[in-house]
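One line per chain: the protein sequences are X and V, in this order. Quick note: the first sequence uses this note's numbering, first residue 2, plus one each step. Quick note: the second sequence uses this note's numbering, first residue 152, plus one each step. We treat Cβ as the ideally placed atom computed from N, Cα and C, and that holds for glycine. Please read all numbers here as calculations on a predicted model, not as lab measurements. Single-structure report; data block below.
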Amino acid sequence: GENVEQHPSTLSVQEGDSAVIKCTYSDSASNYFPWYKQELGKRPQLIIDIRSNVGEKKDQRIAVTLNKTAKHFSLHITETQPEDSAVYFCAATPSGNTPLVFGKGTRLSVIA
Amino acid sequence: DVKVTQSSRYLVKRTGEKVFLECVQDMDHENMFWYRQDPGLGLRLIYFSYDVKMKEKGDIPEGYSVSREKKERFSLILESASTNQTSMYLCASSLWFEEKLFFGSGTQLSVL
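So, in structure tokens, the structure goes:
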């Protein structure tokens with residue numbers, strides 16, 4: 002089955018710097034790759050997603066890139082702010098009608 | 152906006168008790184999911200359902216069962232609670248597998 006690896010597990014950046022979180026997946030047929038943000042004490046919420054027919058997608062300070070050949074995708078956050086501090090989860094949908102497989106998460110701390 | 156409601160925010164139960172966790176969604180979603188969240192282990196899928204009365208095992212179904220008698224309601228059952236089932240339980244729903252997941256606010260279960 003699908004396996005999603007996420008790195009790093011923790012990340013600290015200075016306010017205003019960029020943050021990059023990387024994920025790899027094993028099932029070459031996967032074609033949907035969302036990212037979820039979970040603030041402390043709150044539920045995970047979708048922040049951006051990308052499908053396999055697209056190589057990059059941006060939404061203001063957040064971008065996701067996908068390399069299907071290498072089977073990895075990344076989340077890029079520019080001009081980080083304290084409110085970006087959270088746990089971020091990547092995920093991939095394996096082939097067929099099967100649920101998302103999540104990475105183990107990255108705890109991002111933005112230091113003011 | 153979609154609302155996924157979990158019946159309890161905090162629960163304390165004794166070892167051996169039968170525990171019911173309830174989840175209701177209000178957007179006529181086909182898919183419903185139960186995840187368990189533990190520090191460092193990410194979001195692990197316990198069970199999911201893609202239709203009324205249909206259920207499928209996830210990655211960690213042992214010690215759990217589920218019920219989906221109505222489309223909007225998905226229940227997680229711990230037949231005989233054990234201390235290693237102390238965890239945060241998150242319910243989620245989606246229209247299809249490759250669509251946004253909407254999470255409930257979670258139930259923190261402590262088994263003493």
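Rounded straight-line distance, which links the Cα of residue j to that of residue i
i, j, result
"TRP247(V)", "VAL203(V)", "14 Å"
"TRP185(V)", "GLY167(V)", "21 Å"
"MET239(V)", "PHE171(V)", "14 Å"
"VAL21(X)", "ARG165(V)", "43 Å"
"VAL111(X)", "TYR89(X)", "13 Å"
"LYS69(X)", "ALA92(X)", "14 Å"
"ARG160(V)", "ALA243(V)", "15 Å"
"ARG219(V)", "PRO190(V)", "28 Å"
Residue i (DSSP reduced to helix, strand or coil)
i, result
"ASP85(X)", "helix"
"GLN61(X)", "coil"
"ASN98(X)", "coil"
"THR107(X)", "strand"
"ASN54(X)", "coil"
"ASN235(V)", "helix"
"LEU12(X)", "strand"
"THR258(V)", "strand"
"ILE48(X)", "strand"
"THR156(V)", "strand"
"THR66(X)", "strand"
Residue(s) in a DSSP beta bridge with residue i
i, result
"SER226(V)", "GLU173(V), SER218(V)"
"PHE90(X)", "TYR37(X)"
"ALA243(V)", "PHE184(V), PHE254(V)"
"GLU6(X)", "THR25(X)"
Residues of its chain near residue i, where Cβ-Cβ distance is below 6 Å and the 5 sequence neighbours each way are ignored
i, result
"ASP50(X)", "PRO35"
"SER261(V)", "VAL163, THR237"
"ILE211(V)", "ARG195, ILE197"
"GLY193(V)", "none"
"GLN176(V)", "VAL155, GLU223, SER244"
"LYS58(X)", "ILE51, VAL65"
Unbroken beta strand (DSSP E) run spanning residue i, endpoints
i, result
"TYR26(X)", "20-26"
"TYR186(V)", "182-189"
"ARG195(V)", "193-200"
"LYS72(X)", "Unbroken run through LYS72(X): none, as it is neither H nor E."
Practice prompt. Could you name the residues of the segment 235-254 of chain V whose beta carbon sits closer than 9 Å to any beta carbon of chain A, in the order they occur along the chain?
Written response: Among the chains of the structure shown, chain A does not appear; the protein chains present are X and V.
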